[in-house]
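In the numbering used here, the protein residues as written are 441 to 539.
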Amino acid sequence: MKRFVGLVLVSILALAGCGGEESQAEKDLDKINGQITELENKIKNLKSENDQLQKNIQIKEEELQKLQEAERSGETSGEEENAEESDEKETSGEEDSEA
441 MKRFVGLVLV SILALAGCGG EESQAEKDLD KINGQITELE NKIKNLKSEN DQLQKNIQIK
501 EEELQKLQEA ERSGETSGEE ENAEESDEKE TSGEEDSEA
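Next comes the structure, spelled out in structure tokens:
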């Protein structure tokens, strides 16, 4: 019985001693929670930057596609013009040789 009472007193004193200050584990936990918050903020910023970069890429791809389409239509109309010019030269060349 004396041993039991002694153990209870020691336990009470140990708990009372720890109650006044934060334990090292609690301090470490607070520090880690702070680091987690910082990392979450960095992740949010990176996601925002990534979204903006993806929008910029999409805009550039659309611009490139428009330029390629314009180039294709320019080549097509350029080929038609060249064909017309060569037809005219052939026609005028035939007229010259007949004369």
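Note that the Cβ used here is the ideal one computed from N, Cα and C, for glycine as well.
Can you tell me which of the three DSSP states Glu462 falls into?
Here Glu462 sits in coil by DSSP.
What separation, rounded to the nearest whole angstrom, lies between the Cα atoms of Lys484 and Lys467?
Cα to Cα, Lys484 sits roughly 26 Å from Lys467.
Note down the Cα distance separating Leu486 from Leu449, rounded to an integer number of angstroms.
Straight-line Cα distance between these residues: approximately 55 Å.
Please report the straight-line C-alpha distance between Ser463 and Leu479, rounded to a whole angstrom.
Approximately 25 Å, taken between the alpha carbons.
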